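Novice: Here you go, one structure.
Number of protein chains: 2
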Amino acid sequence: MKERETRQLATVYEVVRAAQDHPTADEVHARVRRRLPRISLGTVYRNLQKLAAQQRVRVVRLPHRAARFDGMLGEHDHFLCERCGAVIDLMRSAATPPDCAALDRAGFVVHAHALTFYGVCAACAGTPRVRRPRDRHV
Amino acid sequence: MKERETRQLATVYEVVRAAQDHPTADEVHARVRRRLPRISLGTVYRNLQKLAAQQRVRVVRLPHRAARFDGMLGEHDHFLCERCGAVIDLMRSAATPPDCAALDRAGFVVHAHALTFYGVCAACAGTPRVRRPRDRHV
DNA sequence: CTTTCTGCAAACTCTTTGCACTCGT
DNA sequence: ACGAGTGCAAAGAGTTTGCAGAAAG
Numbered sequence: 262m263k264e265r266e267t268r269q270l271a272t273v274y275e276v277v278r279a280a281q282d283h284p285t286a287d288e289v290h291a292r293v294r295r296r297l298p299r300i301s302l303g304t305v306y307r308n309l310q311k312l313a314a315q316q317r318v319r320v321v322r323l324p325h326r327a328a329r330f331d332g333m334l335g336e337h338d339h340f341l342c343e344r345c346g347a348v349i350d351l352m353r354s355a356a357t358p359p360d361c362a363a364l365d366r367a368g369f370v371v372h373a374h375a376l377t378f379y380g381v382c383a384a385c386a387g388t389p390r391v392r393r394p395r396d397r398h399v
Numbered sequence: 262m263k264e265r266e267t268r269q270l271a272t273v274y275e276v277v278r279a280a281q282d283h284p285t286a287d288e289v290h291a292r293v294r295r296r297l298p299r300i301s302l303g304t305v306y307r308n309l310q311k312l313a314a315q316q317r318v319r320v321v322r323l324p325h326r327a328a329r330f331d332g333m334l335g336e337h338d339h340f341l342c343e344r345c346g347a348v349i350d351l352m353r354s355a356a357t358p359p360d361c362a363a364l365d366r367a368g369f370v371v372h373a374h375a376l377t378f379y380g381v382c383a384a385c386a387g388t389p390r391v392r393r394p395r396d397r398h399v
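Top to bottom, those sequences are chains A and B. Under the working numbering, the first residue of the first sequence carries the number 262, and numbering increases by one thereafter. Under the working numbering, the first residue of the second sequence carries the number 262, and numbering increases by one thereafter.
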């Protein structure tokens, strides 16, 4: 059960720490390979998971692909319950709209933003005030 | 070039509009199938894309899987440039931390949140104040 | 009739996993 | 020597695509 400091783990860690961009697992693999040509992609995945579990690297949760669809057209955010997996709509007013002024000032054009909270929903947290545990609005 | 209103498209639309949860493409397929048993998953995907392009349904951009890794351990948000694809770190102070008070009051436990802005970065927007177009901090 | 759309299946991307072998400790 | 870690390749999810035939206009 004791963890080992292998060359592979150390190199993956160094590569991610040194990276200024936000490499995908594949990109990490390519860079590590320059030093350890025989390392496999599977090992990179395993080591990235291990490092993330140890909080030694950070996982960037970027909304990448469209995975879910919504008939509700208005702007709103989401709460993701880590216990029951529910996706709960949050009216935009439930959270302060993020301040884009600093971005605007820096010359960035903001078209949209996505805000997702993670945690435990009221139903799972034991507050018996919700009837349906899945997919209600707040 | 003219779009057709097929039974398949109409049914996918109705199902997504009627859904109170946030169905995945697969779930949409299952529901549509109850009415059109021969519809294929590929058609559902194509129609979801079409409806999203027409803004008739909303795509929920949920951070699904860990796709990218970061050696920067502090809390921060991201800006995704739609032009050059850059992922730019934003210090948390650049945007007002979202207000969780309403969620707390409703009995929700918030562990974390992910905030991503979409738009055009300063370099792509033509502001010549950035040297490297990819992956700088703000 | 023409052109778009569909069903099907194959292909593709990203990630995980089983297995025998390797290598830290 | 023991067992966690590795390379490889195969298997999984989730999504896209090529094609022949169906159907909307």
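For each residue, glycine too, the CB sits at the ideal point set by N, CA and C. Remember, it's a predicted structure, so these values are computed and weren't measured experimentally.
Pick out whichever of A:ARG317, A:ALA280, A:ALA384 has its Cα sitting closest to the Cα of ILE349 of chain A.
Specialist: Of the candidates A:ARG317, A:ALA280, A:ALA384, the one whose C-alpha sits nearest the C-alpha of ILE349 of chain A is A:ALA384.
Novice: Give the DSSP bridge partners of PHE369 of chain B, in chain order.
Specialist: Paired residue(s): none; PHE369 of chain B is not in a bridge.
Novice: Below 8 Å between beta carbons: does that hold for VAL318 of chain B and ASP331 of chain A?
Specialist: Cβ atoms of VAL318 of chain B and ASP331 of chain A: closer than 8 Å.
Novice: Could one say the Cβ of LEU464 of chain B lies closer than 8 Å to chain A's Cβ atoms, at least one of them?
Specialist: In the structure as shown, chain B begins at 262 and stops at 399. Residue 464 of chain B is therefore absent and cannot be evaluated.
Novice: At a CB-CB cut-off below 9 Å, which residues of chain A make contact with HIS372 of chain B?
Specialist: Simply GLU343, PHE378, TYR379, GLY380, VAL381.
Novice: Give the straight-line distance between the Cα atoms of HIS283 of chain B and GLY346 of chain A, rounded to the nearest whole angstrom.
Specialist: Distance between the alpha carbons of HIS283 of chain B and GLY346 of chain A is about 11 Å.
Novice: Let me make sure I understand the geometry here. Which of B:GLN269, B:HIS337, B:ARG366, B:TYR379 has the alpha-carbon closest to that of LEU302 of chain B?
Specialist: It is B:GLN269.
Novice: Start and end of the alpha helix (DSSP H) containing LEU270 of chain B?
Specialist: LEU270 of chain B -> alpha helix (DSSP H) spans 268-279.
Novice: Tell me, please, whether the CB atom of ARG295 of chain B is closer than 8 Å to any CB atom in chain A?
Specialist: No, because no Cβ of chain A sits closer than 8 Å to the Cβ of ARG295 of chain B.
Novice: Using DSSP with H/G/I as helix, E/B as strand and the rest coil, what is VAL305 of chain B?
Specialist: Note: VAL305 of chain B maps to helix in three-state DSSP.
Novice: According to DSSP, is ALA375 of chain A part of a helix, a strand, or is it coil?
Specialist: In this structure, ALA375 of chain A counts as strand in the three-state DSSP scheme.
Novice: Does DSSP classify ASP282 of chain B as helix, strand or coil?
Specialist: ASP282 of chain B: coil per DSSP, three-state reduction.
Novice: Where does LEU312 of chain B fall in DSSP's three states?
Specialist: Reduced to three states, the DSSP call for LEU312 of chain B is helix.
Novice: Assuming ALA218 of chain A and THR377 of chain B are in contact, meaning their beta carbons sit under 8 Å apart, how far apart are those beta carbons, in whole angstroms?
Specialist: This structure does not reach residue 218 of chain A, given that chain A is present from 262 up to 399, and the question cannot be answered.
Novice: By DSSP, does VAL381 of chain A sit in helix, in strand, or in coil?
Specialist: Strand.
Novice: Taking the beta strand (DSSP E) that MET262 of chain B falls in, what are its first and last residues?
Specialist: From DSSP, MET262 of chain B is part of no beta strand (DSSP E); its letter is neither H nor E.
Novice: Whose C-alpha, out of A:GLY380, A:ALA367, A:ALA373, is nearest the C-alpha of VAL371 of chain B?
Specialist: When each option's Cα is compared against that of VAL371 of chain B, the closest is A:GLY380.
Novice: Quick check on DSSP: helix, strand or coil for VAL289 of chain B?
Specialist: Of the three classes helix, strand and coil, the one that applies to VAL289 of chain B here is helix, per DSSP.
Novice: For VAL276 of chain A, which residues from the same chain have a beta carbon less than 6 Å from its beta carbon, with the 5 sequence-adjacent residues on both sides left out?
Specialist: Closer than 6 Å at Cβ, skipping near neighbours: VAL289, ARG292, VAL293.
Novice: Mind checking ARG296 of chain B: buried by the 16 CB within 10 Å criterion, or exposed?
Specialist: Classification of ARG296 of chain B: exposed, given that the 10 Å Cβ count is below 16.
Novice: Quick check: the Cα distance between ASP287 of chain A and ALA271 of chain B, rounded to an integer number of angstroms?
Specialist: Cα-Cα distance, rounded: 39 Å.
Novice: Taking the C-alpha atoms as reference points, what is the distance between GLN310 of chain B and GLN316 of chain B?
Specialist: Their Cα atoms are separated by approximately 10 Å.
Novice: Just to check my reading of the structure: ASP365 of chain B and ARG353 of chain B have Cβ atoms closer than 8 Å, yes? What is that Cβ distance to the nearest angstrom?
Specialist: Not really, about 19 Å apart at Cβ, beyond 8 Å.
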